[in-house]
Amino acid sequence: MEAVYQSGTPTIVVLINGRPLATEWIDENIPAVIEAWEPGSLGGLAVAQVIYGDVNPSGKLPITIPRSVGHQLSIYNHKPSHYFHKYVDAKSTPLYPFGHGLSYSSFVYQNLELSEETISINDELKVRVEVTNTSAVAGEEVVQLYLNDKYCPITRPVKELKAFRRIHLNAGETQQVTFSITKDMLQYLDKDFKPSIDAGEFTVMVGGSSANNQLLSIPFVVK
Numbered sequence: 243m244e245a246v247y248q249s250g251t252p253t254i255v256v257l258i259n260g261r262p263l264a265t266e267w268i269d270e271n272i273p274a275v276i277e278a279w280e281p282g283s284l285g286g287l288a289v290a291q292v293i294y295g296d297v298n299p300s301g302k303l304p305i306t307i308p309r310s311v312g313h314q315l316s317i318y319n320h321k322p323s324h325y326f327h328k329y330v331d332a333k334s335t336p337l338y339p340f341g342h343g344l345s346y347s348s349f350v351y352q353n354l355e356l357s358e359e360t361i362s363i364n365d366e367l368k369v370r371v372e373v374t375n376t377s378a379v380a381g382e383e384v385v386q387l388y389l390n391d392k393y394c395p396i397t398r399p400v401k402e403l404k405a406f407r408r409i410h411l412n413a414g415e416t417q418q419v420t421f422s423i424t425k426d427m428l429q430y431l432d433k434d435f436k437p438s439i440d441a442g443e444f445t446v447m448v449g450g451s452s453a454n455n456q457l458l459s460i461p462f463v464v465k
């Protein structure tokens, strides 16, 4: 692969694998990477359709991709202190975050809003966001909703995926996407492994991946 790249030949890397690989050099040098996983007997046709533009890809990563074999632990729903400790010779952030995925379309998120700023434990909260296809190519986007419990007796993850929705947008089209935050989304297991909900501040995050720079956020309070 490196020899092909050094020859000046335009290169696309297709990964056929059943687990994450150490691909930091590829990320830094190759302009396009397709993660095909184990695509089966028709995988070659599917990959060719993506490369030639017959199909606009829209898949999102169901895992976090680390930077190297020794890059541990690489997860999106880590505790707040997880990335405080740096590696000597590498970045501590993931190579590709959970929920990441590109297509021939580009999408912009805006106008994130809540139906209420304060709710009771048994209330249902509506979350609305506008997604716009800013490209000239029709495509599909997977809109992802994450939650963070800001104050809790037990340290909670910085974010947890609670809902997602796949939408189709024509070139230039804008669509409002609505989610419902229900009681079960706010629950966690306490020190006695019993479902619990604490009053206090939560943060809603909506975007195209779990990466912070891909997310819009807005707080709400449970009383």
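If you're matching positions, the sequence shown starts at 243 in our numbering and goes up one per residue.
Quick reminder that beta carbons are idealized off the backbone N, C-alpha and C, glycines included.
Can you find the residues in the same chain that come closer than 6 Å, C-beta to C-beta, to residue i, ignoring five residues on each side of it along the sequence?
i	result
T376	S348, V350
S451	P339, G341, H342
G301	G343
S249	none
Is the beta carbon of residue i sitting closer than 8 Å to the one on residue j?
i	j	result
Q417	I409	yes
F406	V373	no
L303	H342	yes
L367	I361	yes
L478	K404	The structure shown does not extend to residue 478, since the chain is modelled only from 243 to 465, so the question has no answer here.
N298	V369	no
L257	A278	yes
G381	L344	no
E280	G260	yes
W262	I317	In the sequence as displayed, the identity of residue 262 is Pro instead of Trp. Contact: no.
A288	H313	no
L284	V371	no
Going by DSSP, which residues form a beta bridge with residue i?
i	result
S459	M447
V255	V275
V464	I361, G442
Under 7 Å Cβ to Cβ from residue i, same chain only, skipping five residues before and after it: list those, please.
i	result
G414	N375
K433	I396
N364	K425
K392	G442, E443, F444, T445
Q456	G449, G450
I268	V255, V275
A547	Given a span of 243 to 465 for the chain in the structure shown, any question on residue 547 remains unanswerable.
S293	Residue identity check: residue 293 is Ile in the sequence provided, not Ser. These residues qualify, in order along the chain: I254.
S357	L367, K368
Looking only at its chain, what residues have a beta carbon closer than 8 Å to the beta carbon of residue i, apart from the 5 residues adjacent to it on each side?
i	result
I389	Correcting the residue type first, residue 389 is Leu in the shown sequence and not Ile. Correct list, in chain order: K401, E402, K404, I423, M427, L428, F444, T445, V446, M447.
For the ligand NAP, I want to know if residue i counts as a neighbour, meaning its beta carbon is within less than 7 Å of at least one of the ligand's heavy atoms.
i	result
A332	With respect to small molecules bound, the structure shown includes none, and the ligand NAP cannot be examined in it.
Count the CB pairs spanning the stretch 326–341 and the stretch 296–313 that are closer than 8 Å, and state whether there are at least three.
A contact exists between the stretch 326–341 and the stretch 296–313.
Enumerated in chain order, which unbroken segments of the alpha helix (DSSP H) with a length of 4 residues or greater are wholly contained in the stretch 258–332?
266–271, 285–293, all fully within the stretch 258–332.
Which full runs of the beta strand (DSSP E) of 3+ residues lie inside the stretch 336–409, going along the chain?
If only uninterrupted beta strand (DSSP E) runs of at least 3 residues are considered, those enclosed by the stretch 336–409 are 349–356, 367–375, 381–391.
Suppose only complete runs of 4+ residues qualify. What are the alpha helix (DSSP H) ranges in the stretch 404–442, listed by chain order?
The stretch 404–442 contains these whole alpha helix (DSSP H) runs: 425–428.
Touching by the beta-carbon criterion (3+ pairs, under 8 Å), the stretch 434–447 and the stretch 456–463:
Output reads yes: the stretch 456–463 touches the stretch 434–447.
Could you tell me whether the stretch 396–404 touches the stretch 310–324, where touching means 3 or more Cβ pairs closer than 8 Å?
Enough Cβ pairs lie closer than 8 Å, so yes.
Inspect the CB distances between the stretch 252–261 and the stretch 273–287 and report whether three or more fall short of 8 Å.
The stretch 252–261 vs the stretch 273–287: in contact.
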